[in-house]
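Enquirer:
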Amino acid sequence: MSHSVTVTVNGTSFTREIEPTLLLVEFLRETLALTGTHVGCDTSQCGACTVLVGGRATKSCTMLAVQADGAEVLTVEGLARNGELHPIQRAFAKEHGLQCGFCTPGVMITAVDFLERNASPSDADIRHAIEGNLCRCTGYHNIVNAIRSASVEMRETAAALPKVAAEVKS
-12 MSHSVTVTVN GTSFTREIEP TLLLVEFLRE TLALTGTHVG CDTSQCGACT
38 VLVGGRATKS CTMLAVQADG AEVLTVEGLA RNGELHPIQR AFAKEHGLQC
88 GFCTPGVMIT AVDFLERNAS PSDADIRHAI EGNLCRCTGY HNIVNAIRSA
138 SVEMRETAAA LPKVAAEVKS
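Numbering (my numbering), first residue to last: -12 to 157.
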């Protein structure tokens, strides 16, 4: 018996008839053809399937798509806006924070959620935040550097916003 679900993914609303056992990761990859979210372990251990659901990092391999009915979901494909990369994407490129790229989308999504809640993290904070994301290609040094770099850019951008608004009023 199929169920109708409506999920807003990367700002676009999708209504689909799906089986109640369909995982969110399968819905994203197979139904919507958003293949940036990866399936690594099917047990929520590796974090390659991490997406934002309602603004919070969620491992989509252990969440049913019907549980996301009515929710806002952000995948790695939705990070860039108007052709401009998100600060975390720029930082990963600048700091060489990716190797094969398999784990990278999940790490980036985890980092975006984390940096929304902790704008000035220490390296220890960053390492703790990404401990649920496994990377088999690196020792995490460049990933930590990338997240730190993104936090600086995000703080600078946030600090510049009130100045821009004040300048517009002048």
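A virtual CB, placed ideally from N, CA and C, is assigned to each residue, including glycine.
Values in this document were obtained by computation on a predicted structure and should not be read as measured data.
1) Identify which residue in R123, N132, L121 and C124 has its Cα closest to the Cα of D112.
2) Do M141 and P74 have their C-beta atoms within less than 7 angstroms of each other?
3) Using 7 angstroms as the threshold, is the C-beta distance between T24 and V38 below it?
4) If we cut at 7 angstroms on Cβ distances, does A55 have a partner in chain D?
5) I need the straight-line Cα distance from S(-11) to L15, nearest angstrom please.
6) Work out the CA separation of N120 and A44 for me, nearest whole Å.
Expert: Looking at the coordinates:
1) In the sequence shown, residue 112 corresponds to position 125, counting from 1. Considering only alpha carbons, the answer is N132.
2) For this step, residue 141 is matched to residue 154 along the sequence shown. For this step, residue 74 is matched to residue 87 along the sequence shown. It is a contact, given that the beta carbons lie within the stated cut-off.
3) Start at 1 with the first residue of the sequence shown, and residue 24 comes out as number 37. Start at 1 with the first residue of the sequence shown, and residue 38 comes out as number 51. With a cutoff of 7 angstroms on beta-carbon distance, T24 and V38 are scored as near each other.
4) Looking for chain D here will not work: only one protein chain is present.
5) The residue labelled residue -11 in the question sits at position 2 within the sequence shown. The residue labelled residue 15 in the question sits at position 28 within the sequence shown. Distance between the alpha carbons of S(-11) and L15: 17 angstroms.
6) Residue mapping note: residue 44 aligns to position 57 of the sequence shown, counting from 1. Residue mapping note: residue 120 aligns to position 133 of the sequence shown, counting from 1. When rounded, the distance between both Cα atoms is 11 angstroms.
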